[in-house]
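First residue of the sequence shown: 5, per our numbering; consecutive thereafter. Beta carbons: idealized from backbone N, C-alpha and C, even for Gly. Quick caveat, the model's predicted, so the values are computed rather than measured. Working notes for the structure below.
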Amino acid sequence: MTIAKTALRVDKLHKQYGNVIALDEVSFAVQRGEIVGLLGPNGAGKTTTINIVLGVLQATTGSVQIDGLDVARQRARALARTNFAAVYAALPGNLTVIENLRFFGLLYSVDSLRIRVDELIEEFDLAHVRHTKCGLLSSGEQTRAALAKALLNKPQLLLLDEPTASLDPSAAQIIRAKIQHLASHGDCGILWTSHNMYEVEAVCDRALFLSHGRVLLEGNPKTLAAEHGAPTLEDLLIRVAREPLADVPGGRA
5 MTIAKTALRV DKLHKQYGNV IALDEVSFAV QRGEIVGLLG PNGAGKTTTI
55 NIVLGVLQAT TGSVQIDGLD VARQRARALA RTNFAAVYAA LPGNLTVIEN
105 LRFFGLLYSV DSLRIRVDEL IEEFDLAHVR HTKCGLLSSG EQTRAALAKA
155 LLNKPQLLLL DEPTASLDPS AAQIIRAKIQ HLASHGDCGI LWTSHNMYEV
205 EAVCDRALFL SHGRVLLEGN PKTLAAEHGA PTLEDLLIRV AREPLADVPG
255 GRA
């Protein structure tokens, strides 16, 4: 594993609020071209991890490197290589699709912005709504517009927090296929949170199970459940959420 091929490296990340430990020595890496699922129940620490990676929160201890750059010491350069999309982080609804893409493109100092925007509008099938305000788009159109925004700067690291949560199965399948194509044909590592275990099995190359602020299990989502004596990945997730660390078969002590 080399820094040149590592999109994200998280090392011994610890986040504490008073007496409450939100993250407890969390370490993992995401390689370019890889989709890693960050799984766990609500309150496990997934969003806290993403917010620290994005520089929104500061870790109590530990470090985050994006494309080999330390976020704490080289924040602007590191985050210029990063982007983000989430169902709860909608684009400004009073701006049209093209206005949003141009606005965020300026924030990211995207070269040849007009050409890049046109490329993404075509890639995500947004031509028919390019002049429609984002607040009037369907859920599927809003998700495609958010992903187009997230790819404006051709990120080395893409963070996706429940990107298909509000979509019908057909629209979700289209989005999953686009993201898989991005990972396999681009130079981007993807960290993906989801509560949909079918989606995780279909999309992710590797899965990390987070509970009580710690990474308990890690492996191939297609085989991980069987390796730990669970009938399905969802059953394994429920077990991880309910049982203390010492009782999870193969869990990290």
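*What three-state label does DSSP hand tyrosine 92 in the structure shown?*
For the purposes of this step, residue 92 is taken as the residue at position 88 of the sequence shown. Of the three classes helix, strand and coil, the one that applies to tyrosine 92 here is coil, per DSSP.
*Kindly indicate which three-state DSSP category tyrosine 112 falls into: helix, strand or coil?*
Counting from 1 along the sequence shown, the entry for residue 112 is found at position 108. It is coil, neither helix nor strand.
_Quick check on this structure: which residue in Ala84, Asn46 and Pro45 has the alpha carbon closest to the alpha carbon of valine 57?_
As a position in the sequence shown, residue 57 is number 53, starting the count at 1. Ranking the options by Cα distance to valine 57, first place goes to Ala84.
*Just how far apart, CA to CA, sit isoleucine 125 and histidine 185?*
One-based indexing of the sequence shown puts residue 125 at position 121. One-based indexing of the sequence shown puts residue 185 at position 181. Each residue's Cα considered, the two are about 17 Å apart.
*Where do the ends of the alpha helix (DSSP H) carrying glutamate 145 lie?*
Counted from its first residue, the sequence shown places residue 145 at position 141. Residue range 143-154 is occupied by the alpha helix (DSSP H) that includes glutamate 145.
*Measuring CB to CB, does alanine 187 end up less than 9 Å from glutamate 38?*
Looking up residue 187 in the sequence shown gives position 183. Looking up residue 38 in the sequence shown gives position 34. Yes.
_Distance, proline 45 Cα to histidine 199 Cα_ = Counted from its first residue, the sequence shown places residue 199 at position 195. Counted from its first residue, the sequence shown places residue 45 at position 41. If I take the Cα positions, the gap works out to 8 Å.
*According to the Cβ coordinates, are histidine 18 and alanine 76 closer than 9 Å?*
Against the sequence shown, residue 18 aligns to sequence position 14. Against the sequence shown, residue 76 aligns to sequence position 72. With respect to the 9 Å criterion, histidine 18 and alanine 76 are not classified as neighbours on the basis of their beta carbons.
*Counted within 10 angstroms of its Cβ, other Cβ atoms place glycine 41 as buried (16 or more) or exposed*: Locating residue 41 in the sequence shown gives position 37, counting from the first residue. Under this definition glycine 41 is a buried residue.
*Which residue comes first and which comes last in the beta strand (DSSP E) that contains lysine 226?*
Stepping through the sequence shown from its first residue, residue 226 is reached at position 222. Taken as a continuous stretch (DSSP letters only), lysine 226 belongs to no beta strand (DSSP E), as it is neither H nor E.
*Please report the residue range of the alpha helix (DSSP H) in which alanine 176 lies.*
On the sequence shown, position 172 is the one that residue 176 refers to. Where alanine 176 is concerned, the enclosing alpha helix (DSSP H) stretches over 173-189.
_Is it the case that the segment 126-139 contacts the segment 92-111, given that we only count it when at least three CB pairs across the two stretches are under 8 Å?_
In short, these stretches touch, since the Cβ pair count reaches three.
*Just the Cα atoms here: how many angstroms apart are glycine 139 and proline 96?*
What you label residue 139 is simply residue 135 of the sequence shown in a count that begins at 1. What you label residue 96 is simply residue 92 of the sequence shown in a count that begins at 1. If you take the alpha carbons of glycine 139 and proline 96, they lie about 7 Å apart.
*What are the partner residues of leucine 163, as DSSP defines its beta bridges?*
Position 159 of the sequence shown holds residue 163. Per DSSP, Phe88 and Leu195.
*What first and last residue would you give for the alpha helix (DSSP H) that runs through valine 60?*
Translated into the one-based positions of the sequence shown, residue 60 becomes position 56. Annotation for valine 60: no alpha helix (DSSP H) segment contains it, and DSSP assigns it neither H nor E.
*asked:* Quick check: the Cα distance between leucine 221 and valine 24, rounded to an integer number of angstroms?
replied: Walking along the sequence shown from the start, residue 221 turns up at place 217. Walking along the sequence shown from the start, residue 24 turns up at place 20. Using only the alpha carbons, I get a separation of about 22 Å.
*asked:* Bridge partners for alanine 245 per DSSP, in chain order?
replied: Stepping through the sequence shown from its first residue, residue 245 is reached at position 241. In DSSP, alanine 245 forms no bridge with anything.
*From what residue to what residue does the alpha helix (DSSP H) around leucine 124 run?*
Looking up residue 124 in the sequence shown gives position 120. Counting along the chain, the alpha helix (DSSP H) containing leucine 124 begins and ends at 117-127.
*Since valine 34 contacts leucine 12 with CB under 8 Å, what's their CB separation in whole angstroms?*
Position 30 of the sequence shown holds residue 34. Position 8 of the sequence shown holds residue 12. At roughly 4 Å, the Cβ-Cβ gap stays under 8 Å, so valine 34 and leucine 12 are in contact.
*So the beta strand (DSSP E) valine 14 belongs to, where does it begin and stop?*
On the sequence shown, residue 14 is found 10 positions in, with the first residue counted as 1. First-last of the beta strand (DSSP E) with valine 14: 10-21.
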